[in-house]
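Every letter in the sequence shown is one number past the one before it in numbering that gives the first Met the number 0, and letter 74, counting from 1, is 73.
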Amino acid sequence: MTFAGIVVAAGTGSRAGGAKQWRQLGGKPIVRWSVEALLQAGAAPVVVVIPSGAQDQLAEALSGLSGWAAVSGGETRALSVQAGLAALTGPADQIVLIHDAARPMLTGPVIDRLLNALTDADGAIPALPVPDTLKRGHGGAITDTVDRAELWRAQTPQAFRADRLARAWANWPGDEAPTDDAAVVERDGGRVALVQGDARLMKLTFPEDFAMAEALIAQTTPRMQTRVGTGFDVHRWGPGTSVWLCGVEIAHDQTLIGHSDADAGLHALTDAILGALGDGDIGDHFPPTDPKWKGAASDQFLIHAVERVAARGGRVVHVDVTLICEQPKVKPHRLAMRERLAAILNLPLDAVSVKATTTEALGFTGRGEGLAAQAAATVELPA
Ligand code: MG
């Protein structure tokens with residue numbers, strides 16, 4: 000079923016001391032949790048409503064994700080939701096899930112229940128029963144015990160057909176501010192279904208809520224261990240007009256000789272990653288005796304190593320390559336090398352290092368007989 004998502008993250012943090020949508024939770028910004036969950040469930044697009052001027056902050060929080068758009072919110076939550084609805088471009092009767100970024104722990108089953116409930120309702124919300132006895136009080140004393148048999152705690156996301164919600168908004172009295180979207184459809188005579196909510200969808204409001212959410216996430220995310228692998232490679236110089244180093248071709252009066260393209264930087268780095276996995280070396284995975292790898296571009300070796308990491312449920316988090324040679328000069332090409340490695344590894348540029356050194360004219364690199372490369376890779380793997 001196709002649907003769009005609106006994530007309301009327009010708060011400026013007047014209540015909780017700083018805007019909480021940007022705060023880190025379980026290693027990523029709070030707003031990212033909801034956007035990821037909606038995208039993963041198939042929402043297209045996900046419109047994120049943010050404070051005006053926060054576009055860069057959002058782009059950083061959602062880096063690497065696609066399928067979202069940003070829109071500036073209004074003074075109130077209601078105006079922010081309407082800004083999000085106005086930014087939708089799909090069919091008028093498309094399904095839209097409106098979600099508060101302050102409830103980061105959104106799960107697929109909740110989304111499925113909402114979508115299913117919409118087949119015979121004008122709206123659907125996740126809700127939980129009230130487990131505590133409810134008292135009404137005044138002046139420090141109880142005045143009444145409230146019957147909680149028919150009371151529910153409303154959560155988000157709340158699901159509607161966009162045109163039904165727009166019609167309800169058109170009829171909403173302008174001088175009132177609804178505390179959720181379902182209230183608007185209810186007031187317009189619509190039927191809003193209750194589906195089973197999720198305790199993890201708790202709204203992060205008070206400082207202790209963040210601590211509880213961190214504890215929950217720590218419990219449900221696999222414990223990762225950090226491993227470091229190292230690699231080393233040498234190729235000798237021979238006649239040629241260019242050399243491949245760290246995935247970049249550099250014009251040079253010699254080339255490195257090898258079975259593949261002889262990119263010693265990529266070979267050392269591939270071995271570093273395989274080393275972190277305890278998964279043999281590049282020769283085990285790509286035997287030099289196999290004619291298939293003759294003249295091969297070495298980026299495929301690195302891609303293979305990264306895929307081995309992903310297959311184990313891990314990820315490469317940082318790499319550091321050192322090229323050891325007198326010639327060519329590496330510095331003019333260093334940024335291009337880092338960018339190429341960052342693209343292959345899907346890492347931010349500041350997690351990719353390429354360095355170069357000479358050996359003061361000593362040894363085989365100093366005499367210009369060959370080039371050496373060494374590398375370290377930091378890998379996170381499920382413990
Ligand atoms: Mg090699």
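Where is the CB? At the ideal position from N, CA and C, for every residue including glycine.
Can you tell me whether Arg311 is buried or exposed, with buried defined as 16 or more other CB within 10 angstroms of its CB?
The residue you call residue 311 lines up with position 312 of the sequence shown. Under this definition Arg311 is an exposed residue.
Just grab the DSSP bridge partners of Gln224 for me.
Locating residue 224 in the sequence shown gives position 225, counting from the first residue. Its beta-bridge partners are Leu380.
If you draw a straight line from the alpha carbon of Val191 to that of Phe2, how long is it in whole angstroms?
Mapped onto the sequence shown, residue 191 falls at position 192. Mapped onto the sequence shown, residue 2 falls at position 3. Computed Cα separation, rounded: 18 angstroms.
Using the DSSP secondary-structure output, state which residues sit across from Leu255 in a beta bridge.
Residue 255 sits at position 256 when you count from the first residue of the sequence shown. Leu255 is bridged to Trp236.
Going by Cα to Cα distance, which pick from Arg307, Gly26 and Pro44 is closest to Val34?
If you number the sequence shown from 1, residue 34 lands on position 35. Checking every option, the nearest Cα to that of Val34 belongs to Pro44.
Compare the beta carbon distance of Gln39 and Pro125 with 9 angstroms and say whether it is the shorter of the two.
In the sequence shown, the residue the question calls residue 39 occupies position 40. In the sequence shown, the residue the question calls residue 125 occupies position 126. No. Outside cutoff.
Where do the ends of the alpha helix (DSSP H) carrying Gln56 lie?
Locating residue 56 in the sequence shown gives position 57, counting from the first residue. Gln54 to Ala60 is the extent of the alpha helix (DSSP H) around Gln56.
Select from Ala169, Gln157, Gly313 and Thr88 the residue whose C-alpha is nearest the C-alpha of Val378.
As a first step, residue 378 must be located in the sequence shown, where it is residue number 379. Measuring from the Cα of Val378, the nearest candidate turns out to be Gly313.
Following a CB-centred definition, is Ala374 positioned closer than 8 angstroms to any heavy atom of ligand 1?
As a working mapping, residue 374 is identified with position 375 in the sequence shown. Result no, Cβ not under 8 angstroms from ligand 1.
Could you check the C-alpha separation between Gly277 and Leu380 for me, to the nearest Å?
Within the sequence shown, residue 277 is the residue found at index 278, counting from 1. Within the sequence shown, residue 380 is the residue found at index 381, counting from 1. Going from the Cα of Gly277 to the Cα of Leu380 covers about 12 angstroms.
Ala275 and Pro103: beta carbons closer than 9 angstroms?
What you label residue 275 is simply residue 276 of the sequence shown in a count that begins at 1. What you label residue 103 is simply residue 104 of the sequence shown in a count that begins at 1. No, the pair does not count as a contact, with Cβ atoms beyond the cut-off.
With DSSP as the reference, please indicate the residues paired to Trp151 in a beta bridge.
Translated into the one-based positions of the sequence shown, residue 151 becomes position 152. For Trp151, which the question treats as bridged, DSSP gives the partners Pro128.
Nearest to Gln23 by alpha carbon, out of Ala372, Leu203, Ala350 and Arg333?
Locating residue 23 in the sequence shown gives position 24, where the first residue counts as 1. Among Ala372, Leu203, Ala350 and Arg333, the Cα nearest to that of Gln23 belongs to Leu203.
Return the CA-CA distance between Ser62 and Glu359, expressed in angstroms with no decimal places.
Translated into positions along the sequence shown, residue 62 becomes position 63. Translated into positions along the sequence shown, residue 359 becomes position 360. Those two C-alpha atoms are separated by around 42 angstroms.
Rounded to the nearest angstrom, what separates Lys328 and Leu244 at their Cα positions?
In the sequence shown, residue 328 corresponds to position 329, counting from 1. In the sequence shown, residue 244 corresponds to position 245, counting from 1. The alpha-carbon atoms of Lys328 and Leu244 are separated by roughly 11 angstroms.
Would you decide whether Lys466 is buried or exposed? Buried here means 16 or more other CB atoms lie within 10 Å of its CB.
Only positions 0 to 382 of the chain appear in the structure, and residue 466 is not among them; the question remains open.
Nearest CA to the CA of Leu193: which residue from Ala158, Trp168 and Arg199?
Along the sequence shown, read from residue 1 onward, the residue named residue 193 stands at position 194. The candidate whose alpha carbon is nearest that of Leu193 is Ala158.
If you follow the beta strand (DSSP E) that Gln299 is in, where does it begin and where does it stop?
Within the sequence shown, residue 299 is the residue found at index 300, counting from 1. Run containing Gln299: none in the beta strand (DSSP E); it sits in the alpha helix (DSSP H), Asp298 to Ala310.
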